[in-house]
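Inspection log for the structure reproduced underneath, given as structure tokens.
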Amino acid sequence: MTTLTDIPQSQGFRLSQLIYDTRYRSITIQVIVFIAFMLVGWILVRNVTINLANLGKEIDFTFLRNPSNYDIQQTLIEYDSTSSNFRAAMVGLLNTLLVAFLGCILATLVGVTAGVLRLSKNWLVAKVMTVYVETFRNIPVVIWIIATMAVLSEALPQPSAFRGETPTASMWLWDTVAVTNRGTYIPMPVWGAGSVFVIVTFLLSLLALWSFGKWAQRRFEATGQILPTAWIKLAIFIAPTLLVYLALGAPITFDSPALKGFNFQGGIQLSNSMIALWLALSIYTGAFIAEIVRSGILAVSKGQTEAAFALGIRPSRTMNLVILPQALRVIIPPLISQFLNLTKNSSLALAVGYQDLRATLGGTTMNNTGRELECMLLMMLIYLIVSLIISSGMNVYNKSMKLKER
Amino acid sequence: MVKQNSTIAYVRSEILEQQPAPRGQVGASKWVRENLFSGWFNTILTLVSLYLVFTLLQALVPWAFGGVWTADSLQECRAILNERYGNTHHACWAVINERWNQIVYGTFFPSTEYWRTHVAFVLLILAILPVLFDALPRKMMWITMAYPFVMVWLIWGGSLWGPISVAVGFGIAYFTASVAARYLGSGLTALVSAVAAFVWWMILGPIVVSALNDTMPLLALREIQSRELGGFVISVIIGVSGIALSLPLGIILALGRQSDLPLVKMICVGFIEFLRGVPLITLLFTASLLLNYFLPPDTEFDLTLRVIVMVTLFSSAYMAEVIRGGLAALPKGQYEAADALGLDYWKAQRLIIMPQALKISIPGIVNTFIGLFKDTTLVFFIGIFDMLAAAQAIRANSAWNGITWELYIFIGLIFWVCCFSMSRYSQWLERKLRTDHR
């Protein structure tokens, strides 16, 4: 029989307990880590102050209020060279966000299509998609951006090719879109009197669309009757806006680009640098998204499909009601981190000269003012905030989609 | 049964020869019908992709395979093409041939020293092989362990004493650890050995090395500055160093993030989220523009080394997240079993947790490696003379002004081969290590 003979006598606290007693060791380690961390931080801050003093500089953000003295090619908000550096940074940020937003949309379209087609029973299509994915995933995105830019500036016709009796190039979509090596010109909407009503109607019809969907779902759950929702939704989407538009005598018109002099005038000019960046980022990221979609669909176990078939559910509804909801749970988190990657990769605009946040705040402003430290810190902070917003969106989604188990 | 008054008019008395299956049900035609034309939608898809593939190949194959391989300039190449085909719609691969050295070694690498990169490359393969395939003799691991020091000596030159001294530091750390482990716990052992190595590297080592260099320099090679490096060589140097360093750092960060110590966890989370939240290009600009602010005044810090540090830090944050996923996927029973066996934290990690967690995260780890290797192209933007910079210089050169595709296709192909073989290897490894029965 064992007896508890070696009950530790209370000897009070011994110093060796700080290392050998697991109750205190964690505190010891943390104190050491804290001291080391503070020490490193202090050394860095000290170095920075000494170096800045040697250079005769000090950390100062007032340059943000000074006029920027440079032009930006594409401005989404009002801007000219007398605007402040801060405004230039905001213009750059908006350009970054614009290309990231457009890129995310196109990349999702490309990726979902490629991912689904890669699972197709059609051998040829599946192989073509495999080649697409493997080609784009394994070559750096910078090369794709530069190559796309080269395609746009070398393979596209010059504006002068559109001129003359027998032009070698012609505009697309009934003479409204001109694709040239200087950029793509698309029609610009001209907001006439009363266009506000059209927009308001459109927004209201979106609201109606949403509430109709809710109502139809409730009705289906209550009565079991299925409405032809797709047609009704299409009608709600189009009809009111169209009616108001026609009733007010077509207040919104489009200003199409036209060849005047050496170049196209009118319309909105999308610079080639932006289009190259957008296309290259989308197609590159699309290859990753294709793999995510494919693995997400494959992750739904076969038993789920078989169970759905055993219940007599049609294949299309099996996809919508059984496979997709489960696959989405697997697909969405990595998809959003791809969006994050795309947003960060948009800083490679550097390769084509698109003026994004890095080119304004971390480029021309930094070079003009000589304030590297402030500009880089600010730029990193902005990118960090954008990333954190995107990833916190992901966390919210994850929480709402989490399997509710036990 | 009696065979009389039968109503059947005819009964076959011998068995029929076996007939071949109907033509449409076997072989190629069945395969084609089932896989390519099984419905109207599939037929459309097949036709569209056939058309696409055909157009692409029609444009690409004659262009690529009808190319010219030897010429000194674009004009000469075009002249040859005009003579041969009457047009210039063919590739001028001659640029690769003529500018091979610039693309592979960079513009400034002295041509008398090319052999050093060749030796380093062969040794690199010999060093990597035992890591990749455990069927190879374990003795080859000695090459792997010696490789970092030999590589530094071969590429940057100088006397061999410097790298040896660094290696001796590791030896001292190992020796001190094995002695101290007899008397001390694991934490203190690590501390003592780190201090010993640090003392050697910072104080004793440099003195010994400079004394030895003055008296008898060992195998002194011509010194090469970092800015002389370039081309494919610099991509491999940055890529391989980043890969080798980011895995251990990533493991440490992942463990830190999973740690019970709130302070350690907080620091690791902050570090990981910061590095994942900013684009690599901003980190590289920081390395090239800002790092001097954070270093003590008048310290010089090699640009290649700065880039390697930044690339490593960046991908170690991703690595940490990948490994954290592996750790989270491990059933809790494994941790509890390790505790029940009385293993301490590090032993449990080394023997039970990490082997399984790393196995789960192989695809993610290799994807991070591939990403890192592809990201080495970004060093082009901070003035390191890699392959993209070489391409730009060649295009700006009057002899080859106007060439685009051949260069980028070649560079892309190099990256493609490296990255694709990495991903194939990871799939092979995953299959090899799979222990469940599916």
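Just so you know, the protein sequences line up as chains A and B, in that order.
Here the first sequence stands for residues 1 to 406, where the numbers follow full-length UniProt numbering.
Here the second sequence stands for residues 1 to 438, where the numbers follow full-length UniProt numbering.
The beta-carbon is built from N, C-alpha and C at its ideal position, and this holds for glycine as well.
A:ILE336 places its beta carbon 8 Å or farther from that of B:PRO297. The Cβ of A:ARG317 sits no closer than 8 Å to any Cβ of chain B. Annotation: B:GLU321 to B:ASN367 spans about 12 Å, alpha carbon to alpha carbon. For B:PHE285, the closest of B:LEU303, B:ILE207, B:ARG276, B:VAL240 by C-alpha to C-alpha distance is B:LEU303. Scanning the segment 209-257 of chain B from its first residue to its last, the whole alpha helix (DSSP H) runs of 4-plus residues come out as 231-257. Comparing C-alpha distances from B:ARG33 to each of A:ILE19, A:LEU124, A:ALA250 shows the shortest one belongs to A:LEU124. Taken in chain order, no unbroken stretch of beta strand (DSSP E) lies wholly in the segment 102-175 of chain A with a span of 3 residues or more. As computed with DSSP, A:ALA258 is found in a beta bridge with A:GLN265. A Cβ-Cβ distance of about 19 Å is found for the pair A:LEU106 and A:ARG294, leaving them out of contact under the 8 Å criterion. Per DSSP, reduced to three states, the secondary structure at B:TYR293 is helical. A check of alpha carbon separations from B:ILE96 across B:TRP416, B:ILE394, B:GLU223 identifies B:ILE394 as the nearest.
For A:MET188, the enclosing beta strand (DSSP E) covers residues 188-191.
Within chain A, the C-beta atoms nearer than 9 Å to that of B:TRP416 come from GLU134, THR135, ASN138, ILE139, in chain order. When DSSP states are grouped into helix, strand and coil, A:TYR354 belongs to the coil group. Residues of the segment 269-292 of chain B with a Cβ closer than 9 Å to any Cβ of chain A, in chain order: GLU273, PHE274, ARG276, GLY277, VAL278, PRO279, LEU280, ILE281, THR282, LEU283, PHE285, THR286, LEU289, LEU290, ASN292.
Its Cα nearest to that of B:VAL199, the residue B:SER165 stands out among B:LEU212, B:SER165, B:LEU221. Look at A:ALA276: its C-beta is not under 8 Å from any C-beta on chain B.
Looking from the CA of A:ILE29, the closest CA among B:LEU261, B:GLN102, B:TRP161 belongs to B:LEU261.
Taken through DSSP and simplified to helix, strand or coil, B:PHE37 comes out as coil. Partner residues in the beta bridge of A:SER84, as assigned by DSSP, are A:PRO67. Residues of chain A with a Cβ closer than 7 Å to the Cβ of B:CYS419 are, in chain order, ASN138. Considered as a whole, the segment 202-287 of chain A harbours 229-247 as its complete alpha helix (DSSP H) runs of no fewer than 4 residues, in chain order. Fewer than three Cβ pairs drawn from the segment 162-182 of chain B and the segment 129-143 of chain B lie within less than 8 Å of each other, which leaves the two stretches out of contact.
Relative to the Cα of A:ILE32, the nearest Cα in the group B:SER241, B:LEU129, B:LEU263 belongs to B:LEU263. With fewer than 16 other Cβ atoms from the protein chains shown falling within 10 Å of its own Cβ, A:SER16 counts as exposed.
Membership of A:GLU372 in the alpha helix (DSSP H) is indicated by the continuous run 372-401.
Close to A:GLN30, with beta-carbon spacing below 8 Å, are these residues of chain B in chain order: LEU261, PRO262, LEU263, VAL264. Spatial neighbours of A:THR82 in its own chain (CB-CB distance under 6 Å, excluding positions within 5 residues in sequence) are listed in chain order as PRO67. Under the three-state reduction of DSSP output, B:GLY158 falls in the strand class. The contact set of B:LYS30 on chain A, defined by CB atoms closer than 7 Å, is empty, because the minimum CB distance reaches about 13 Å. A:PHE162 and A:LEU156 have their alpha carbons spaced roughly 11 Å apart. Taking 8 Å as the CB threshold, B:GLY205 stays off the interface with chain A.
Around B:SER49, the beta-carbon contacts reaching into chain A at under 7 Å are LEU124, VAL125, VAL128. Using beta-carbon distances, A:ASN51 counts as an interface residue toward chain B, with a partner under 8 Å. With fewer than 16 neighbouring CB atoms inside 10 Å of its own CB, B:GLN225 falls in the exposed class. DSSP, reduced to helix, strand and coil, places A:GLY183 within a strand of the structure shown.
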